[in-house]
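Peer 1:
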Amino acid sequence: MTARPGLLLRILPITGYHGRAGALIERSLVVSGRSWLILVSGALEPLLYLLAFQIGFGKLVTTVAGPDGRPMSYVAFVAPALLAASAMNGAVFESYNMFFKLRYANHYEAVLATPVGPLDVALGEIGWAMLRGGLYTVAFMGITGAMGLLTSWWALALLPVALLVSFAFSAISMALVSFLKSTSQLDYIQLVLMPMFLFSTTFFPLAVYPEALQWLVRCFPLYHAIELMRGLAAGFFSWGMAGNLAYLLALAALGVWGATRRIAKLLLT
Amino acid sequence: MATASAARVVGPLRGAWLRVEGHWTWYRRHWVSTLYSTGLQPVVFLAAMGLGFGSQVKAGPATGGVPYLVYLAPALLVAGAAQLGIGESSYPVLSGFKWQKDYLAVTATPVSPGQVLGGHLIWTTLRLTTAGLVYGLIALLFGAWPNAGALIVVLVGTLTGLACAVLVTALAAYTFDEGQRFGLLFRFVLTPMTLFSGTFFPITQIPVFLRWLAWLSPLWHGTELARAATLGGLGAGAVLGHLAYLIVLVLAGWAIAHRGFYRRLVA
Chain U
1 MTARPGLLLR
11 ILPITGYHGR
21 AGALIERSLV
31 VSGRSWLILV
41 SGALEPLLYL
51 LAFQIGFGKL
61 VTTVAGPDGR
71 PMSYVAFVAP
81 ALLAASAMNG
91 AVFESYNMFF
101 KLRYANHYEA
111 VLATPVGPLD
121 VALGEIGWAM
131 LRGGLYTVAF
141 MGITGAMGLL
151 TSWWALALLP
161 VALLVSFAFS
171 AISMALVSFL
181 KSTSQLDYIQ
191 LVLMPMFLFS
201 TTFFPLAVYP
211 EALQWLVRCF
221 PLYHAIELMR
231 GLAAGFFSWG
241 MAGNLAYLLA
251 LAALGVWGAT
261 RRIAKLLLT
Chain H
1 MATASAARVV
11 GPLRGAWLRV
21 EGHWTWYRRH
31 WVSTLYSTGL
41 QPVVFLAAMG
51 LGFGSQVKAG
61 PATGGVPYLV
71 YLAPALLVAG
81 AAQLGIGESS
91 YPVLSGFKWQ
101 KDYLAVTATP
111 VSPGQVLGGH
121 LIWTTLRLTT
131 AGLVYGLIAL
141 LFGAWPNAGA
151 LIVVLVGTLT
161 GLACAVLVTA
171 LAAYTFDEGQ
181 RFGLLFRFVL
191 TPMTLFSGTF
201 FPITQIPVFL
211 RWLAWLSPLW
221 HGTELARAAT
231 LGGLGAGAVL
241 GHLAYLIVLV
251 LAGWAIAHRG
261 FYRRLVA
């Protein structure tokens, strides 16, 4: 009643938006204020990995082939990938919360009983995941910058890319989590997430794989996020990066559509 | 006639075993969703880090002179066991007290809290051994085992995983508000432990003022034992020391958990 859908919303067949996504974000902020330590500690994880690479892995492997084919220091190779992975993890772990809200706390039932629609819910939760992801990104970029691992001013573009990665992954994982029914099925998330984390050229270049597997790796969304970030961090550009960007944008759009549909289907019909 | 009670006293082992049967009944229906934690997780790590990252590593003093895959394989089994032990004893145990309340239900029968704890630990041990064997077999296909010491690695993994499981069970028994505790445990203990306990690189690369943290971690002791089982290079004294540390952790954790279970279930 209060929301006046704009032209875009009248053209698109979306009836679930009431312009109140902000209320969901506000609620998440209030809740996380009570467990701020866990929130802040999320920034610690990529830093621990970075430390492990600085003192451990980096001694085992000193240089690898960078995005432009020239050898680069191993730590500098891994750092942007870790940034992409942490944006992904932050977004996906938020979906564990979503699962509890959806299946146990009946949170969305309560929310939808107010003048808030499924698209508000989707955008609100995604917005919160992006806020959280953005916080981690800034912390991580500060540290990597101080370590001298970001060699180009283009690295500043890492922040919007990280936000896009958060957006895409939180939207898509929200849609997928809605299919889970019990806590033991949360294991499926790890089953998808960990292999993607480990095999998306995070820790070693694509050339290590046989040709056929290279194409499989190119299907992983995280691979595209990493390509984009690694290129930006090193200040190296190729046309492929436009493709990476398009992939992530498409994933984000698909995620929002899917999440909205699932919430509406589960709770409104 | 009406006084005949349906309840029969069960022996201590029998009571614990009934819990194992209970877990098994659940597991038969849900095993697919636990495939990842039961064996697949360390395999995925072995493929990525052992084969992928390892392809970039030259065998040298840091890897004990063997290919990185061979260096990593035993340590990953133990790390996977620690992960599984902690995972199976954090939220699942709290859930037994708090959400599903099956511990309360079961102790309303002649099964005692100590038997509930025992059942959980027997079940966890079985899971750990199964996971170790599954991983061991797949790693065999990778060519990651230089000799039959791999079988000892499975046992070491079970012991290490159990040490972690017992400690976390004890913590769960004294946890009433799920809010942050396990999340913080995973972030501040499990992840650093996995990264800095000698799984991926020798702890001698860690600065001395932080190295004692690795010495405290059960995972490091398990990793040392596991690596020694396939690659050798550990004296009898060191082996006994590592074993003793793990066993002491199991016993101490068990005692605390036992107390916690009785406090919470018999009030």
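So the sequence lines, in the order shown, correspond to chains U and H.
Note that UniProt numbering has the first sequence beginning at 1, numbered continuously upward.
Note that UniProt numbering has the second sequence beginning at 1, numbered continuously upward.
In this text, a Cβ means the ideal position worked out from N, Cα and C, and glycines have one as well.
1. My assumption, with CB atoms under 8 Å, is that residue 99 of chain U sits in contact with residue 180 of chain U. Please give the rounded CB distance.
2. Would residue 275 of chain U pass as an interface residue toward chain H - the criterion being a Cβ-Cβ separation below 8 Å?
3. So the candidates are H/104, H/258, H/99 and H/105; which of them puts its Cα closest to the Cα of residue 104 of chain U?
4. Residues of chain U with CB under 8 Å from residue 268 of chain H, in chain order?
5. Would you decide whether residue 106 of chain U is buried or exposed? Buried here means 16 or more other CB atoms lie within 10 Å of its CB.
6. Using CA coordinates, which residue listed in H/194, H/213, H/201 and H/237 is at the minimum distance from residue 82 of chain H?
7. Looking only at its own chain, which residues have a Cβ that is under 6 Å from the Cβ of residue 15 of chain H, when we skip the five neighbours before and after it?
8. If you run the structure through DSSP and keep just helix, strand and coil, what is residue 20 of chain H?
9. Of all the options U/175, U/128, U/252 and U/149, which has the alpha carbon lying nearest to the alpha carbon of residue 82 of chain U?
10. Going by CA-CA distance only, name the one from U/56, U/89, U/37 and U/236 that's closest to residue 173 of chain U.
11. For the region 35-56 of chain H, which residues have a beta carbon sitting closer than 9 Å to at least one beta carbon of chain U?
12. Let me know the secondary structure DSSP gives residue 98 of chain U once reduced to three states.
13. Starting from the Cα of residue 181 of chain H, find the closest Cα among U/18, U/20 and U/34 and give me that residue.
14. Check whether the Cβ of residue 192 of chain H lies closer than 8 Å to any Cβ atom in chain U.
15. Could I get the ranges of all uninterrupted alpha helix (DSSP H) runs contained in the region 162-237 of chain U, with 4 residues as the minimum, in chain order?
16. Just the chain H side, please: which residues come within less than 7 Å of residue 195 of chain U by C-beta, in chain order?
17. Let me know if residue 120 of chain H comes out buried or exposed under the rule of 16 or more other beta-carbons within 10 Å of its beta-carbon.
18. Closer than 7 Å by C-beta to residue 154 of chain U: which residues in its own chain qualify, once you throw out the five before and the five after it? Chain order, please.
19. In chain C, what lies closer than 9 Å to residue 181 of chain U by C-beta?
20. Rounding to the nearest angstrom, what Cα-Cα distance links residue 50 of chain U and residue 131 of chain U in this structure?
21. Any C-beta of chain U sitting closer than 8 Å to the C-beta of residue 180 of chain H?
22. Any chance you could list the alpha helix (DSSP H) runs of at least 4 consecutive residues sitting entirely within the region 137-199 of chain H, in chain order?
23. Near residue 151 of chain U, what residues of its chain come up, given a Cβ to Cβ distance below 8 Å and the 5 sequence neighbours on each side ignored?
24. Could you spell out where the alpha helix (DSSP H) holding residue 107 of chain H opens and where it closes?
25. Report the residue from H/106, H/146 and H/157 whose alpha carbon sits nearest the alpha carbon of residue 126 of chain H.
26. Which first and last residues belong to the alpha helix (DSSP H) in which residue 40 of chain U is found?
27. Kindly indicate which residue of H/105, H/265 and H/183 has the alpha-carbon position closest to the one of residue 173 of chain H.
28. Can you list the residues of chain U that residue 62 of chain H reaches, using a CB-CB cut of under 8 Å?
29. Along the region 126-150 of chain H, what residues have a CB closer than 9 Å to any CB found in chain U?
30. Just verifying my parser: in three-state terms, what is the DSSP assignment at residue 246 of chain H?
31. Using three-state DSSP, classify residue 151 of chain U as helix, strand or coil.
32. On the criterion of 16 or more Cβ atoms from any shown chain inside 10 Å, does residue 39 of chain H qualify as buried, or is it exposed?
33. Buried or exposed for residue 247 of chain H, going by 16 or more other Cβ atoms inside 10 Å?
Peer 2: Based on what the coordinates show:
1. Sure, about 6 Å apart at Cβ, within 8 Å.
2. Here chain U covers residues 1 to 269 and nothing more, so residue 275 of chain U does not appear.
3. Nearest to residue 104 of chain U by C-alpha distance, out of H/104, H/258, H/99 and H/105, is H/99.
4. Residue 268 of chain H is absent from the structure shown; chain H starts at 1 and stops at 267.
5. Here residue 106 of chain U is exposed, its C-beta having fewer than 16 other C-beta atoms within 10 Å.
6. Taking residue 82 of chain H as reference, the option from H/194, H/213, H/201 and H/237 with the minimal CA-CA separation is H/194.
7. Within the same chain, residue 15 of chain H has close Cβ partners 111 and 115.
8. DSSP places residue 20 of chain H in helix when its eight states are reduced to three.
9. For the options U/175, U/128, U/252 and U/149, the alpha carbon positioned closest to that of residue 82 of chain U is the one of U/149.
10. Minimum Cα distance to residue 173 of chain U is reached at U/89.
11. The residues in question are 35, 36, 37, 40, 41, 44, 45, 47, 48, 49, 51, 52, 53, 54, 55 and 56.
12. Annotated three-state conformation of residue 98 of chain U is helix, per DSSP.
13. Taking residue 181 of chain H as reference, the option from U/18, U/20 and U/34 with the minimal CA-CA separation is U/34.
14. It does; some Cβ of chain U falls within 8 Å.
15. Entirely contained in the region 162-237 of chain U, the alpha helix (DSSP H) runs reaching 4 residues are, in chain order, 187-199, 211-219 and 221-234.
16. Near residue 195 of chain U (Cβ distances below 7 Å), the residues of chain H are 44.
17. Classification of residue 120 of chain H: buried, given that the 10 Å Cβ count is 16 or more.
18. Within its own chain, the residues whose Cβ lies closer than 7 Å to the Cβ of residue 154 of chain U, once the five positions on either side in sequence are excluded, are 232 and 235, listed in chain order.
19. Absence of chain C from the displayed structure is noted, the protein chains being U and H.
20. Rounded to whole angstroms, the separation of the alpha carbons of residue 131 of chain U and residue 50 of chain U is 22 Å.
21. With 8 Å as the cut-off, residue 180 of chain H counts as an interface residue toward chain U.
22. Listed in chain order, the alpha helix (DSSP H) elements of length 4 or more contained wholly in the region 137-199 of chain H are 150-173, 181-185 and 191-195.
23. Closer than 8 Å at the Cβ level, and outside the excluded window around residue 151 of chain U, lie 76, 233, 234 and 235.
24. DSSP places residue 107 of chain H in the uninterrupted alpha helix (DSSP H) bounded by 102-107.
25. Of the listed residues, the one whose Cα sits closest to residue 126 of chain H is H/157.
26. Here the alpha helix (DSSP H) through residue 40 of chain U covers 36-41.
27. Measuring from the Cα of residue 173 of chain H, the nearest candidate turns out to be H/265.
28. Residue 62 of chain H reaches chain U at 59 and 60, counting residues in chain order whose Cβ is nearer than 8 Å.
29. Listed in sequence order: no entries.
30. Judged by DSSP in its simplified three-state form, residue 246 of chain H adopts helix.
31. When secondary structure is reduced to three states using DSSP, residue 151 of chain U falls in the coil class, being assigned neither helix nor strand.
32. Flag for residue 39 of chain H reads buried.
33. With fewer than 16 other Cβ atoms within 10 Å, it is exposed.
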